[in-house]
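Visitor:
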Amino acid sequence: MSTPTRRPRADATRNRAALLAAADDAFAADGAGASLSAVAAGAGVAIGTLYKHFPTRRALVGALLAERHDALFARAEGVDLATWLRWVAEHAATYRGLAELIASDLHAPDEAGDRLAADCARMAAITERTVGAADLRADVTVDDVVTLMNAAAWTREQQGAEAADRLIATTLRGMSP
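Under UniProt numbering, residues 1 to 177 are what the sequence shown spells out, in order.
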């Protein structure tokens, strides 16, 4: 016999929403490495409440980005490689340091319930499929394109969209047959 799932208490639902809003504010101001104590304080809760909802920074980032990831993945079907790379670079530049966090999680173990690792796995699968459909030189690997994607995200974060787009366009020309 299965145990019925209880809905979260109203205060727990409010605390979770407040933590996500505070994390968005803190990450926008201080980057993806912002103090989790500051996030908790911004939400008006104790640090223990933050860890009860989000036991790790990865869990917090995964929950915070869930809707954005879903929207990104929903529009990825049939997209060309250059567009996909621009979209991922734009997404990864949402918060300073996010590109590095996502890049480090692309090959992270998928722990049970780890939304960020699951989303990174989805991103990797879409990237692999998009690379497979692209007209690239035979010696270009998916890892080469992932490196470009990460470099473009970092470039966008540091120098802006125009510099990232130029990096993508120039590198893809070099990867073409």
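Note that beta-carbon positions come from the ideal geometry of N, C-alpha and C, so glycine has one too.
Every value quoted in this text rests on a predicted model; they were computed, and no experiment measured them.
1) Given this structure, state the Cα-to-Cα distance separating V145 from L50, to the nearest angstrom.
2) Suppose you measure from the CA of A151 to the CA of M175; what does that come to, to the nearest Å?
3) Around the C-beta of G78, are 16 or more other C-beta atoms found within 10 angstroms, so that it is buried, or is it exposed?
4) DSSP on E157, reduced to helix/strand/coil?
5) Considering A76, what are the terminal residues of the alpha helix (DSSP H) in which it resides?
6) Just how far apart, CA to CA, sit L116 and V61?
7) May I have a chain-ordered list of the beta strand (DSSP E) segments no shorter than 3 residues that lie completely inside the stretch 3 to 88?
8) Distance, Cα to Cα, A30 vs A89?
Guide: From the atom records:
1) For the purposes of this step, residue 145 is identified with residue 145 of the sequence shown, where counting begins at 1. For the purposes of this step, residue 50 is identified with residue 50 of the sequence shown, where counting begins at 1. If I take the Cα positions, the gap works out to 36 Å.
2) By 1-based counting over the sequence shown, the position of residue 151 is 151. By 1-based counting over the sequence shown, the position of residue 175 is 175. Their backbone Cα atoms lie some 15 Å apart in a straight line.
3) What you label residue 78 is simply residue 78 of the sequence shown in a count that begins at 1. Exposed, because fewer than 16 other Cβ atoms sit within 10 Å of the Cβ of G78.
4) In the sequence shown, residue 157 corresponds to position 157, counting from 1. Here E157 sits in helix by DSSP.
5) Position 76 of the sequence shown holds residue 76. Here A76 belongs to no alpha helix (DSSP H), and DSSP marks it neither H nor E.
6) Residue numbering aside, residue 116 sits at position 116 when the sequence shown is read from its first letter. Residue numbering aside, residue 61 sits at position 61 when the sequence shown is read from its first letter. Cα to Cα, the separation comes out at about 7 Å.
7) none
8) To locate residue 30, count along the sequence shown from 1; it is residue 30. To locate residue 89, count along the sequence shown from 1; it is residue 89. Ala is not the amino acid found at residue 30; the sequence shown has Asp there. Their backbone Cα atoms lie some 19 Å apart in a straight line.
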